[in-house]
Each structure stands twice: as C-alpha cells, then as structure tokens.
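In the numbering used here, the protein residues as written are 7 to 338.
Have a look at the structure below before the remarks.
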C-alpha cells in the first residue's frame, strides 16, 4: 500500500482522485495548503508527494521530503519548472508529470478568452442585468480572415489551431520542433519575429524554460501591430507583466487575456475577496478595461480532472512496480 501526500488540493481534486482510485493500492492524505518548507513535515510516512504548479519543490524542500522518506514526486500537471531536478536526482527522488490532460480544455478556454475580449460578453452581461441595452463600446471584429499567432505547437497549441482554423483564421506558428499536424491543419511556420509582427492575436502555448522567460517583453510588444490581442494560458513567466502595462497604456496591446500570471502563487487557487491585494502590478493590470484574468482555470473540466487523476495514479503504479514510464522526467 502506497501512502500519498497531496498538497494544494481542492474539492474537485479530491473527488477526481477518489473516483479514479479503483484497484490502486494507495492511501490518500489530502492537504489544501501549499507545499513549503514549513508544510513539508506533513509528508512524513508517505512514499509519494503529489504536487501542483505553485508548490515549492526547491532543494530545501526536497531535502526535507527525502529525510522523511519520500521517494517520488508525482506532479499532477504538465509543467515542472518549480521542481529542482538536480536536487531530486541527488536525493534519489523520482519525478513524474502528466504531460497532457484534455488539451482541448485549455484550447477551448483560450478561444473563450479571445471571444470574450473581442465581443465584450462580460460587459454585455453586466449591462443587461441592469436593463442597459446600449451597444456603445461593444464593437468587436471578425476573427474570420484575421491572423492568429500560435507560439508552441504541442498538443494544446494544435487543439487551439483546430478551433481557430474552424473560425476561418489564418494561423502562423513558431516552435523549434515543427509539427506536421499543424501544417496539415493549414498553419504556416515562421520565425517568431515574423509571427509577432504579422499577427492580430497571439496565444502562448509553450513551456516555461530559462530561454522562454519573458518571451513577450517590451521589445516584442514594440514590434506588434497596434491593438494586438494577447492570450496566455500557458505559464505566467512567459509574459513581462510590467512591460505589458506600458504596452496597454500605449495602445500597442488592445486586449489581454491571462489565465496565468507570473506572481500568481500568492493569489490564485484561493479566495482573496476579503483581502487587500498588495500586488500592485496585478492591481494595475486588472484595472484595465481590456484585460481579463481567470485564475488558472483553463484546465478545469471534468474530462481533464479525470485524466490527471488516472495518469498520476498510473505513474505511481509504475514507480511502485519499478517499471519504466515515459512520464518520468529524465535527469540526464
């Protein structure tokens, strides 16, 4: 029987893992707080820690987990930039992830943000609730015939391309590893700078790496079309938030949809409605009429939650049975 300590869990996580439990030989220990230096002690007696995007898996925390007998980190997400892989290797801790879980969920949320920003659904909803049926300020544009730039053509990027091509958009792509599927869908690969200069809407679907930090920054914004729409449902650190504020003020960015934010750790996945938000950058962004935030919810569908739970448990089974698994991260 494998004991698993789950950190940063919500009711929907617990429900999905309980449903997926079936014949897996596991015991669950759910905690709703983040994994940190202070909370690592709660993993004592557990062979596996199941963590999420904002949990602290630095060297210090991993060392504490190793001392307490933890042998595996099972990430229930695709990203692992919060994991110190060198330290994990040093302490003999296996790290696994869920590389894909209903990419359509995130792609649909991406396009939903695009639609909302363009046609101002959120504003129309508030107006009509107050019997204000004026159409002033609600003018949008046709996506059909416009150009979308997709940065990153993995499974989520491809799912987004399918939807946008269905809307009649021209699609430019940038990825160091071009996909034949993207080409078959009618997308065109080009240099990142070309994509940035020619796109009417740009959507980020690439991983967070050292090379990709602030991929979209002041220099990038300066090359874009005036009024460009930018969507980020990938990783917050891909976009320079401070530079984005200036680009919004200048009208370079016409609409910004963010499901992720580079300082989200102190905000997202918790109710802050009765708190004073001290993050001035977030406050300035959220005050802009043409900016929409969603709290890292792009993945949040029953389909994705089920896939995450099943894949995570499969990863843990492979670890327990000492079997190889493509979802284990290679430390070499």
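Think of the CB as a built atom: it goes at the ideal place given N, C-alpha and C, for glycine as much as any other residue.
Beta-carbon separation (whole angstroms), residue i vs residue j, contact threshold 8 Å
i           : j           : result
residue 43  : residue 66  : 6 Å
residue 277 : residue 258 : Contact doesn't hold; Cβ gap of about 34 Å is too wide.
residue 207 : residue 234 : 7 Å
residue 121 : residue 102 : About 35 Å; that fails the 8 Å criterion.
residue 237 : residue 210 : 7 Å
residue 166 : residue 113 : 4 Å
residue 227 : residue 253 : 4 Å
residue 111 : residue 307 : 4 Å
residue 289 : residue 251 : Rounded, the Cβ-Cβ distance is 10 Å, inconsistent with contact.
residue 168 : residue 146 : Not a contact, Cβ separation roughly 22 Å.
Any chain D beta carbon closer than 8 Å to residue i
i          : result
residue 32 : The displayed structure is made up of one protein chain only, and chain D is not part of it.
Residue from the options whose Cα sits closest to the Cα of residue i
i           : options            : result
residue 336 : 200, 61, 52, 91    : 91
residue 263 : 281, 284, 161, 292 : 292
residue 193 : 177, 200, 181      : 177
residue 93  : 47, 70, 120, 324   : 70
residue 84  : 144, 239, 261      : 239
residue 184 : 199, 203, 156, 222 : 156
residue 219 : 267, 24, 135, 161  : 267
residue 324 : 23, 30, 21, 26     : 30
residue 316 : 124, 17, 23        : 23
residue 271 : 281, 242, 256, 280 : 242
residue 59  : 255, 89, 139       : 89
residue 148 : 124, 163, 128, 229 : 124
residue 225 : 119, 203, 53, 135  : 203
residue 75  : 86, 99, 280        : 99
Cβ neighbour criterion (16 or more within 10 Å) applied to residue i
i           : result
residue 131 : exposed
residue 115 : buried
residue 197 : exposed
residue 51  : exposed
residue 283 : exposed
residue 7   : exposed
residue 302 : buried
residue 163 : buried
Exercise. Does the pairing of the stretch 7-24 with the stretch 40-55 give three or more beta-carbon distances under 8 Å?
Worked result: Taking 8 Å as the limit for Cβ pairs, the verdict is that the stretch 40-55 does touch the stretch 7-24.
Exercise. Are the stretch 99-110 and the stretch 305-314 in contact at 8 Å, needing three or more beta carbon pairs?
Worked result: These segments touch.
For this session: Pair every Cβ in the stretch 285-305 with every Cβ in the stretch 318-338, then say whether three or more of these pairs are closer than 8 Å.
Result: No: the two stretches stay apart, fewer than three of their Cβ pairs being nearer than 8 Å.
Problem set entry | Segments of 4+ residues assigned as alpha helix (DSSP H) that fall wholly inside the stretch 24-90 | Within the stretch 24-90, the complete alpha helix (DSSP H) runs of at least 4 residues fall at 65-73.
Exercise. Touching or not, the stretch 136-154 and the stretch 166-182, by the rule of three or more beta carbon pairs under 8 Å?
Worked result: Pairwise C-beta distances place the stretch 136-154 in contact with the stretch 166-182, as three or more of them are shorter than 8 Å.
Exercise. In chain order, which continuous runs of the beta strand (DSSP E) of length 3 or greater are located wholly inside the stretch 229-310?
Worked result: Within the stretch 229-310, complete beta strand (DSSP E) segments of at least 3 residues are found at 234-238, 259-264, 297-299, given in chain order.
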